[in-house]
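These notes concern the structure reproduced below.
Here's what the structure looks like:
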């Protein structure tokens with residue numbers, strides 16, 4: 001039979017709907033999707049679009065004539081347009097409000113960060129890596145010259161520079177932190193700050209002094225950032241030393257003959273160059289806002305910053321942030337008038353200025369330890385590193401008459417007590433959540449926005465660009481290396497995007513403007529701009545303002561900064577007070593070895609027993625005789641032998657009185673042990689403390705027994721449990737035990753449950769990350785593993801922290817869940833965001849010092 005004919009299908013009619021249907025990308029490979037999105041992002045930058053709108057509104061559709069293409073604009077002109085617009089908006093917009101708590105968080109976290117840096121410089125397993133990073137950041141490699149890092153004198157000078165700068169910044173932030181605490185105690189709050197400054201002259205002077213100190217700190221941080229930029233691989237070619245200056249400390253100016261074109265066409269480089277030189281054209285806060293926007297829209301451009309330079313950007317940006325908050329209380333005509341009022345800098349600031357002068361000289365004396373620490377591998381030995389710090393303290397004592405900690409006002413700053421006060425309260429949501437994945441970050445971009453509706457099958461985040469089905473994955477045999485090469489090529493092309501993309505006509509015009517700017521700089525004294533009249537100066541004439549190269553040269557003309565890596569802000573060259581003469585070291589024969597606290601207590605107890613025995617052996621005196629010779633009274637209690645104490649940073653504890661010693665002896669053996677006392681400095685000896693001597697009075701045997709409570713009858717000790725009655729404890733015992741005793745917790749362990757409650761709530765993956773961070777026994781790599789920065793952020797969020805990375809640079813502040821605990825600051829690794837094992841060890845040490853996180857506590861409660 002013939003086959004049946006197929007039924008005819010009805011023709012497909014076109015849809016009459018005019019609704020737009022979104023479609024996903026039509027690429028087989030997901031790598032191609034990323035490529036095109038990068039190219040689209042590179043073509044359309046928000047800052048460029050905003051600058052073009054501003055230029056068209058200001059100069060017409062064709063701009064000022066330096067760039068004809070409507071979609072292309074040079075970096076320097078873009079900077080000028082955006083900065084001028086932000087300055088105009090800042091005059092009309094609401095400023096940053098004054099927040100005293102935010103100021104304290106910034107000051108405390110920055111001060112603790114530099115103090116932690118000092119502590120890490122004393123650690124044998126971290127010192128070498130920190131100094132090697134300092135050498136890499138401050139050394140410009142010249143193939144024609146020998147490597148300076150192989151010179152012991154150069155390495156020792158960098159050690160002295162790092163110690164000087166770290167102590168100087170830590171001391172400055174400590175002065176700011178203490179001043180803010182004093183202002184808060186005097187009643188300044190967010191609401192009454194302007195009223196307090198208006199009505200209280202003493203408080204106003206204190207606030208203005210704080211504002212001046214913050215301004216000094218901002219200038220100091222800018223000088224640190226500028227010097228580091230001169231040795232960065234990408235930015236070193238923009239600078240050169242001026243001729244005719246002091247060869248030991250030459251001044252740095254812009255090298256207009258080397259890379260004037262690149263500095264003018266690149267938006268990011270224009271911002272960095274403007275930030276490096278003092279007396280900037282625009283406020284630092286405006287420049288940092290533009291820098292933040294430039295890095296956000298082109299993340300790969302930020303890879304040209306080395307780690308040290310990016311850290312300096314973060315430290316400078318947070319100083320500028322604090323400056324802006326303090327300026328909020330001085331806005332308006334009254335605030336401007338307050339800024340002009342005369343005020344005297346406090347004594348602690350003058351001591352800080354004197355410390356700069358003494359430290360600059362003492363840190364240059366490297367002859368007694370340069371051979372001890374070279375090569376740097378020797379500093380892994382704790383004895384070698386301790387000897388280096390011993391010689392450094394000797395240098396400071398010979399120069400300033402004080403140790404380095406005393407000179408900078410940081411006595412006891414390294415001996416802070418860890419504190420963790422937050423309790424974790426489990427909720428229903430946490431108990432129902434059985435997943436082992438990490439939670440979302442505490443602070444994410446676009447917080448509060450509603451997420452898009454997700455489809456049934458997805459492979460991306462909720463904010464994906466397309467709501468259709470995910471694109472097909474590549475099934476070819478392409479390797480990961482090829483994709484890496486594609487990413488590298490994209491990065492290289494993106495780095496050159498600011499300088500490329502001009503057609504032939506535009507390129508010719510750029511060459512003409514560049515040639516005009518070079519000729520003008522050659523024919524005039526570009527560095528000396530003090531005696532140039534505005535009408536004759538070619539950099540300021542109206543007919544040359546359309547040339548962006550002349551604009552850049554005109555803005556940088558006459559601006560320079562010091563090349564000295566050692567920070568210095570002292571306006572004077574001599575100290576106000578001459579340093580005290582250093583005390584000669586005590587003779588070796590008079591020194592006694594330090595005793596432990598237990599041995600010293602035993603010696604005092606033996607002396608008390610001997611005294612009591614001597615009293616018992618005395619003959620019974622007559623009752624009428626009530627006076628005694630002073631010599632006989634002095635023999636009753638023999639004073640401890642006086643010993644010469646070696647110089648120490650810690651202050652000795654006051655000597656216990658005789659009444660306290662007697663009360664200690666009267667305690668019964670069944671009495672509970674007293675609370676743990678604070679640890680005593682290792683070089684302190686309680687035996688060398690002189691006990692107070694009181695004259696003795698002759699008394700009868702009965703009165704002696706009554707005074708010593710030896711005639712009283714023994715009372716029966718009750719063994720009834722304390723929980724039998726709530727009224728069994730006295731009021732004094734209730735005050736000692738407190739509320740925590742009802743729950744079985746002692747006061748000395750009150751911080752432990754708070755810390756342990758957070759450890760016990762960690763899930764599987766965060767628990768593994770905590771094992772890695774604390775380097776526990778379950779960590780199989782032996783402390784050599786690395787951690788992604790994103791995982792570290794999520795682990796900190798799992799412990800209740802919130803992070804603030806709003807400022808430019810690598811600085812990230814973590815705020816603990818309890819406001820009573822201090823915040824902590826870390827620098828994000830850059831350009832690679834992976835935390836290396838040495839940096840991870842540094843993070844773990846800082847967390848232990850701040851919050852008391854230990855391996856034992858973690859293993860006990862997981």
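Numbering (full-length UniProt numbering), first residue to last: 1 to 862. The beta carbon of each residue, even a glycine, is placed where N, CA and C say it ideally should be. Fair warning: this is a prediction, and the values are worked out from it, not measured in the lab.
Could you give the C-beta distance for residue 355 and residue 171, rounded to a whole number, given that I count them as a contact under 8 Å?
Here residue 355 corresponds to residue number 355 of the chain shown, with the count starting at 1. Here residue 171 corresponds to residue number 171 of the chain shown, with the count starting at 1. About 7 Å separates the two Cβ atoms, so the contact holds.
Name the DSSP bridge partner or partners of residue 252?
Against the chain shown, residue 252 aligns to sequence position 252. Answer is 241, 561, bridged to residue 252.
Suppose only complete runs of 4+ residues qualify. What are the alpha helix (DSSP H) ranges in the stretch 754-827, listed by chain order?
Segments of the alpha helix (DSSP H) lying fully in the stretch 754-827: 764-774, 789-798.
By DSSP, does residue 420 sit in helix, in strand, or in coil?
Here the question's residue 420 lines up with position 420 in the chain shown. Residue state, collapsed to three classes: coil.
Rounded to whole angstroms, what is the Cα-Cα separation between residue 322 and residue 103?
The residue given as residue 322 occupies position 322 in the chain shown. The residue given as residue 103 occupies position 103 in the chain shown. Those two C-alpha atoms are separated by around 6 Å.
Let me check one thing: in DSSP terms, what residues is residue 835 bridge-paired to?
For the purposes of this step, residue 835 is identified with residue 835 of the chain shown, where counting begins at 1. Answer is 787.
With a threshold of 16 other CB atoms inside 10 Å of the CB of residue 141, please say whether the residue is buried or exposed.
Walking along the chain shown from the start, residue 141 turns up at place 141. Classification of residue 141: exposed, given that the 10 Å Cβ count is below 16.
DSSP state of residue 78, grouped into three classes?
In the chain shown, counting from the first residue as 1, residue 78 sits at position 78. Reduced to three states, the DSSP call for residue 78 is helix.
In terms of alpha-carbon separation, which member of 211, 259, 296 lies closest to residue 336?
One-based indexing of the chain shown puts residue 336 at position 336. Answer by Cα proximity: 211.
State buried or exposed for residue 828, treating a residue as buried only when at least 16 other CB atoms are found within 10 Å of its CB.
Against the chain shown, residue 828 aligns to sequence position 828. Residue 828 is buried by the Cβ-count criterion.
Between the stretch 402-409 and the stretch 168-186, do three or more beta carbon pairs fall short of 8 Å?
Flag = yes, the stretch 402-409 and the stretch 168-186 touch.
Determine, using beta-carbon pairs with one atom in the stretch 333-350 and one in the stretch 289-305, whether at least three such pairs fall under 8 Å.
Touching, no.
Do you know whose CA, among 506, 255, 202, lies nearest residue 521's CA?
Translated into positions along the chain shown, residue 521 becomes position 521. Answer by Cα proximity: 255.
Would you report the Cα separation of residue 854 and residue 861, rounded to the nearest angstrom?
One-based indexing of the chain shown puts residue 854 at position 854. One-based indexing of the chain shown puts residue 861 at position 861. Taking the straight line from one Cα to the other gives about 11 Å.
Please classify residue 190 as buried or exposed, where buried requires at least 16 neighbouring CB atoms within 10 angstroms.
To locate residue 190, count along the chain shown from 1; it is residue 190. Answer is exposed; the Cβ neighbour count stays below 16.
Return yes when the Cβ of residue 253 is within less than 8 Å of the Cβ of residue 560, no when it is not.
For this step, residue 560 is matched to residue 560 along the chain shown. For this step, residue 253 is matched to residue 253 along the chain shown. Closer than 8 Å, so yes.
My assumption, with CB atoms under 8 Å, is that residue 825 sits in contact with residue 811. Please give the rounded CB distance.
As a position in the chain shown, residue 825 is number 825, starting the count at 1. As a position in the chain shown, residue 811 is number 811, starting the count at 1. Sure, about 6 Å apart at Cβ, within 8 Å.
Quick one: Cα of residue 238 to Cα of residue 555, how far?
Taking the chain shown and counting its residues from 1, one reaches residue 238 at position 238. Taking the chain shown and counting its residues from 1, one reaches residue 555 at position 555. Straight-line Cα distance between these residues: approximately 15 Å.
For residue 359, which residues from the same chain have a beta carbon less than 6 Å from its beta carbon, with the 5 sequence-adjacent residues on both sides left out?
In the chain shown, residue 359 corresponds to position 359, counting from 1. Counting only Cβ-Cβ distances below 6 Å, and skipping sequence neighbours, we find 164.
For residue 795 versus residue 774, is the C-beta spacing smaller than 8 Å?
What you label residue 795 is simply residue 795 of the chain shown in a count that begins at 1. What you label residue 774 is simply residue 774 of the chain shown in a count that begins at 1. Contact flag unset, no.
Taking C-beta to C-beta, are residue 836 and residue 779 nearer than 8 Å?
For the purposes of this step, residue 836 is taken as the residue at position 836 of the chain shown. For the purposes of this step, residue 779 is taken as the residue at position 779 of the chain shown. Against a cut-off of 8 Å, the Cβ pair of residue 779 and residue 836 comes out as no contact.
Indicate whether residue 87 and residue 235 have their beta-carbon atoms separated by less than 8 Å.
Here residue 87 is taken as the residue at index 87 of the chain shown, counted from 1. Here residue 235 is taken as the residue at index 235 of the chain shown, counted from 1. Contact: no.
Can you have a look at residue 317 and say buried or exposed, based on whether 16 or more other CB atoms are within 10 angstroms of its CB?
Position 317 of the chain shown, counted from the first residue, corresponds to residue 317. Looking at its Cβ environment, which holds 16 or more other Cβ atoms inside 10 Å, residue 317 is buried.
Taking C-alpha atoms, which residue in 325, 121, 249, 225 lies nearest to residue 278?
Locating residue 278 in the chain shown gives position 278, where the first residue counts as 1. The option with the nearest alpha carbon to residue 278 is 225.
For residue 335, report the span of its alpha helix (DSSP H) as first-last.
The residue labelled residue 335 in the question sits at position 335 within the chain shown. Start and end: 332-339.
Per DSSP, what kind of secondary structure is residue 830 in: helix, strand or coil?
Within the chain shown, residue 830 is the residue found at index 830, counting from 1. In the structure shown, residue 830 sits in coil (DSSP, three-state: anything other than H, G, I, E or B).
Between which residues of its own chain and residue 851 is the CB-CB distance below 6 Å, once the five residues before and five after are set aside?
Here residue 851 corresponds to residue number 851 of the chain shown, with the count starting at 1. Excluding positions up to five away in sequence, the list reads 418, 420.
Within 10 angstroms of its Cβ, does residue 320 collect 16 or more other Cβ (buried), or is it exposed?
By 1-based counting over the chain shown, the position of residue 320 is 320. Classification for residue 320: buried.
Hey, would you say residue 414 sits closer than 8 Å to residue 100, going by beta carbons?
As a first step, residue 414 must be located in the chain shown, where it is residue number 414. As a first step, residue 100 must be located in the chain shown, where it is residue number 100. For residue 414 and residue 100, no; Cβs fall outside 8 Å.
From 199, 109, 856, 91, pick the residue whose C-alpha is nearest to that of residue 823; which is it?
Looking up residue 823 in the chain shown gives position 823. Closest by alpha carbon: 109.
Assuming residue 220 contacts residue 567 (C-beta within less than 8 Å), just tell me the rounded distance between them.
Residue mapping note: residue 220 aligns to position 220 of the chain shown, counting from 1. Residue mapping note: residue 567 aligns to position 567 of the chain shown, counting from 1. Sure, about 5 Å apart at Cβ, within 8 Å.
Would a C-beta distance cut-off of 8 Å place residue 393 and residue 379 closer than the cut-off?
For the purposes of this step, residue 393 is identified with residue 393 of the chain shown, where counting begins at 1. For the purposes of this step, residue 379 is identified with residue 379 of the chain shown, where counting begins at 1. No.
Could you tell me whether the Cβ atoms of residue 95 and residue 265 are closer together than 8 Å?
Translated into the one-based positions of the chain shown, residue 95 becomes position 95. Translated into the one-based positions of the chain shown, residue 265 becomes position 265. Cβ atoms of residue 95 and residue 265: not closer than 8 Å.
Need the endpoints of the alpha helix (DSSP H) that residue 414 sits in, please.
Here residue 414 is taken as the residue at index 414 of the chain shown, counted from 1. Neither: residue 414 is in no alpha helix (DSSP H) and is coded neither H nor E.
Rounded to a whole number of angstroms, what is the C-alpha to C-alpha distance between residue 185 and residue 192?
Residue mapping note: residue 185 aligns to position 185 of the chain shown, counting from 1. Residue mapping note: residue 192 aligns to position 192 of the chain shown, counting from 1. Their Cα atoms are separated by approximately 13 Å.
Would you mind stating whether residue 197 and residue 207 have Cβ atoms separated by less than 8 Å?
As a position in the chain shown, residue 197 is number 197, starting the count at 1. As a position in the chain shown, residue 207 is number 207, starting the count at 1. Their beta carbons are under 8 Å apart, which means residue 197 touches residue 207 by this criterion.
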